[in-house]
Amino acid sequence: MQVQSSFKGASSFGSLYLVPTPIGNLEDMTFRAIKVLESVDFICAEDTRNTGLLLKHFDISTKQISFHEHNAYDKIPDLLDLLKEGKNLAQVSDAGMPSISDPGHDLVKAAIAENISVISIPGASAGITALIASGLAPQPHIFYGFLPRKAGQQKEFFQDKLAYPETQIFYESPYRVADTLKNMLSVYGDRQVTVVRELTKLYEEYLRGSISELVAALSEKPLKGECLIIVSGNDGQLSSSEEDSDDLDILSLVTQLIEAGKKPNQAIKQVAKDYKLNRQEVYNSYHGID
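In terms of full-length UniProt numbering, the sequence shown opens at residue 1 and continues consecutively.
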């Protein structure tokens with residue numbers, strides 16, 4: 001067992017501060033975060049150019065150390081040496097809380113193993129910020145970060161999480177959101193989902209609705225900017241899988257595309273192509289033909 005007294009008790013070691021940075025709007029930087037960045041000996045930055053702009057904005061002159069996924073293995077021993085010498089370090093990511101999608105977690109584990117204090121500063125977090133305005137149940141929830149990129153791996157991932165009752169939070173590239181929602185629909189069925197883009201920025205936007213509604217909307221208007229996907233958890237009824245898609249989902253998908261301006265045959269063709277379904281079966285489902 002290990003007990004960390006962050007601010008009381010003598011120690012010859014320095015402390016590792018985990019400092020959140022704005023996810024878009026610079027006004028989301030906290031007074032405490034600025035104070036810590038001004039007072040530490042070094043700032044370990046994921047991208048020194050990006051962090052340099054932030055430091056310049058707040059007139060902070062603390063020296064930076066480049067620390068990212070490609071050099072973390074080599075840098076961690078040096079950073080530990082600095083901490084053991086009594087230097088205080090701050091670790092930041094390009095946006096939001098550190099240690100989520102950067103190598104900060106490995107540094108945290110290494111510091112804890114050496115009995116070095118690790119102090120987390122509260123601040124901006126994209127997942128929680130989006131969740132509480134999504135309209136979906138904020139608790140319980142699960143944050144997963146980035147999804148696998150390949151369709152097969154995504155569907156396998158969703159299949160593993162199919163029965164989870166918690167609201168699920170994902171980060172995703174705007175170029176993959178539409179395909180990810182299609183993969184999600186094929187496994188989860190037509191759950192409620194919220195897609196958030198450009199959080200805290202001028203073009204912040206929330207798209208709320210069923211998965212099929214968003215799939216249809218995005219086929220006409222692709223997304224731009226940084227995105228999150230928040231999807232409701234299982235309500236007690238397991239969805240049919242891709243191999244056992246029900247007619248209601250198909251009917252809804254075709255209808256949404258028609259309402260978006262496509263002709264019925266065009267909509268049927270697109271649904272069949274997007275979900276790798278037999279075109280005649282999609283046609284029959286839409287027209288109610290047994």
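Note that the Cβ used here is the ideal one computed from N, Cα and C, for glycine as well.
Where do the N-terminal and C-terminal ends of the alpha helix (DSSP H) with Tyr171 fall, by residue?
Your numbering for residue 171 matches position 171 in the sequence shown. Careful: Tyr171 lies outside any alpha helix (DSSP H), inside the beta strand (DSSP E) at Thr167 to Glu172.
What first and last residue would you give for the beta strand (DSSP E) that runs through Ala45?
Position 45 of the sequence shown, counted from the start, is the residue given in the question as residue 45. Bounds of the beta strand (DSSP E) holding Ala45 are Phe42 to Ala45.
Ignore the nearest five residues each way along the sequence and tell me which others in Pro148's own chain have a CB closer than 6 Å to its CB.
For the purposes of this step, residue 148 is identified with residue 148 of the sequence shown, where counting begins at 1. These residues qualify, in order along the chain: Gln154 and Phe157.
Residues near Leu83 in its chain [Cβ-Cβ closer than 7 Å; skip 5 each side]
For the purposes of this step, residue 83 is taken as residue 83 along the sequence shown, with counting starting at 1. So the list reads Phe13, Gly14, Leu16, Leu89, Ala111 and Ile116, once near-sequence residues are dropped.
What's the gap between the Cα of Leu223 and the Cα of Ser66?
Translated into positions along the sequence shown, residue 223 becomes position 223. Translated into positions along the sequence shown, residue 66 becomes position 66. Per the coordinates, the alpha-carbon of Leu223 lies some 32 Å from the alpha-carbon of Ser66.
What distance in whole Å lies between the Cβ atoms of Asp190 and Ser252, which are believed to be in contact at a cut-off of 8 Å?
One-based indexing of the sequence shown puts residue 252 at position 252. One-based indexing of the sequence shown puts residue 190 at position 190. In this structure Ser252 is in contact with Asp190, their Cβ atoms being roughly 6 Å apart against a cut-off of 8 Å.
Take Lys161 and list the residues in its own chain whose beta-carbon comes closer than 7 Å to its own, dropping the five residues that flank it on each side.
The residue labelled residue 161 in the question sits at position 161 within the sequence shown. Excluding positions up to five away in sequence, the list reads Gln168.
Are the beta-carbon atoms belonging to Ala267 and Leu257 less than 7 Å from one another?
On the sequence shown, position 267 is the one that residue 267 refers to. On the sequence shown, position 257 is the one that residue 257 refers to. Against a cut-off of 7 Å, the Cβ pair of Leu257 and Ala267 comes out as a contact.
Would you mind stating whether Asp41 and Lys87 have Cβ atoms separated by less than 7 Å?
On the sequence shown, position 41 is the one that residue 41 refers to. On the sequence shown, position 87 is the one that residue 87 refers to. Contact flag set, yes.
What ranges does the alpha helix (DSSP H) occupy inside the segment 98-135, keeping only unbroken runs of at least 4 residues that lie completely in it?
Listed in chain order, the complete alpha helix (DSSP H) runs (minimum 4 residues) inside the segment 98-135 are 104-113 and 126-134.
May I have the straight-line CA-CA distance separating Tyr206 from Ser134, to the nearest angstrom?
Reading the sequence shown from its first residue, position 206 is the one you call residue 206. Reading the sequence shown from its first residue, position 134 is the one you call residue 134. Counting only the Cα atoms, Ser134 lies some 7 Å from Tyr206.
When the Cα atoms are used, what is the spatial distance from Ala45 to Leu185?
If you number the sequence shown from 1, residue 45 lands on position 45. If you number the sequence shown from 1, residue 185 lands on position 185. Using only the alpha carbons, I get a separation of about 38 Å.
Mind checking whether Ile23 and Ala124 have CB atoms under 7 Å apart?
Counting from one through the sequence shown, the residue named residue 23 turns up at place 23. Counting from one through the sequence shown, the residue named residue 124 turns up at place 124. Taking 7 Å as the Cβ cut-off, Ile23 and Ala124 qualify as a contacting pair.
Under 7 Å, do Val215 and Lys263 count as touching if we go by C-beta distance?
Residue numbering aside, residue 215 sits at position 215 when the sequence shown is read from its first letter. Residue numbering aside, residue 263 sits at position 263 when the sequence shown is read from its first letter. Their beta carbons are not under 7 Å apart, which means Val215 does not touch Lys263 by this criterion.
Would you list the residues sitting across from Leu207 in a DSSP beta bridge?
Within the sequence shown, residue 207 is the residue found at index 207, counting from 1. Partner residues in the beta bridge of Leu207, as assigned by DSSP, are Val195.
DSSP state of His287, grouped into three classes?
Within the sequence shown, the letter at position 287 stands for residue 287. Helix at His287.
Tell me the rounded alpha-carbon separation between Ala126 and Val19.
The residue you call residue 126 lines up with position 126 of the sequence shown. The residue you call residue 19 lines up with position 19 of the sequence shown. Distance between the alpha carbons of Ala126 and Val19: 14 Å.
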